[in-house]
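Visitor: Okay, so the sequence shown: first residue is 1 according to my numbering, each after it adds one.
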Amino acid sequence: MKLFVALGVCAILAACSPPKASSDAPGDASSAAASDAAASSVAVAAPSELPAGFVGVWDANPACPATSDTKLTVSSEELTYFESSATIRKITVTSLTDLVVDADFSGEGETWTRAIHLVLGDDGKTLTTDEGTDKEVKRVRCVAKS
1 MKLFVALGVC
11 AILAACSPPK
21 ASSDAPGDAS
31 SAAASDAAAS
41 SVAVAAPSEL
51 PAGFVGVWDA
61 NPACPATSDT
71 KLTVSSEELT
81 YFESSATIRK
91 ITVTSLTDLV
101 VDADFSGEGE
111 TWTRAIHLVL
121 GDDGKTLTTD
131 EGTDKEVKRV
141 RCVAKS
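1) Excluding five sequence neighbours on each side, which residues of the same chain lie with their C-beta closer than 7 angstroms to the C-beta of residue 86?
2) Out of 140, 88, 124, point me to the one whose CA is closest to residue 116's CA.
3) Mark residue 129 as exposed unless 16 or more other C-beta atoms lie within 10 angstroms of its C-beta, in which case mark it buried.
4) Assuming the contact rule is C-beta atoms closer than 8 angstroms, residue 118 and residue 101 should be a hit. Round their C-beta distance to whole Å, please.
5) In angstroms with no decimal places, state the Cα-to-Cα distance between residue 53 and residue 109.
6) If we ignore side chains and look at the alpha-carbon of each, how far apart do residue 58 and residue 51 end up?
7) Please classify residue 74 as buried or exposed, where buried requires at least 16 neighbouring CB atoms within 10 angstroms.
Below is the structure:
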């Protein structure tokens, strides 16, 4: 009797499961290849650190003064502004020069989470940031002064 109950449960569960794809159906090889490509691009599209091209010191003031309220220092795992800093939680890559960073911020006694859109331009010489405030900030890469 227990055997029949167990078989009945298995039959019900099998009926609820989605059908398995048959490898004999035409076009399945291309679907599998597309699926494999999508899976591999997802792995590449979620790095744990910012790509090297984004790392550096950036400022909206081309003179890159030592003290500036528009200075942004980008490391592989953190963003540092004039009065706040952010630890990167997630990186979504759109292209080699375009990504979105989800980060945990702290500054002036407060904490918050924000997504920041970062776009490299001019062969890596400019960085445009959009923090969802409808105001993009274009910064230039600061060169270390000797």
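Glycine is no exception: its CB is placed at the ideal position from the N, C-alpha and C atoms.
Guide: The structure says:
1) 78, 79, 103, 104, 105
2) 88
3) buried
4) 6 angstroms
5) 31 angstroms
6) 15 angstroms
7) buried
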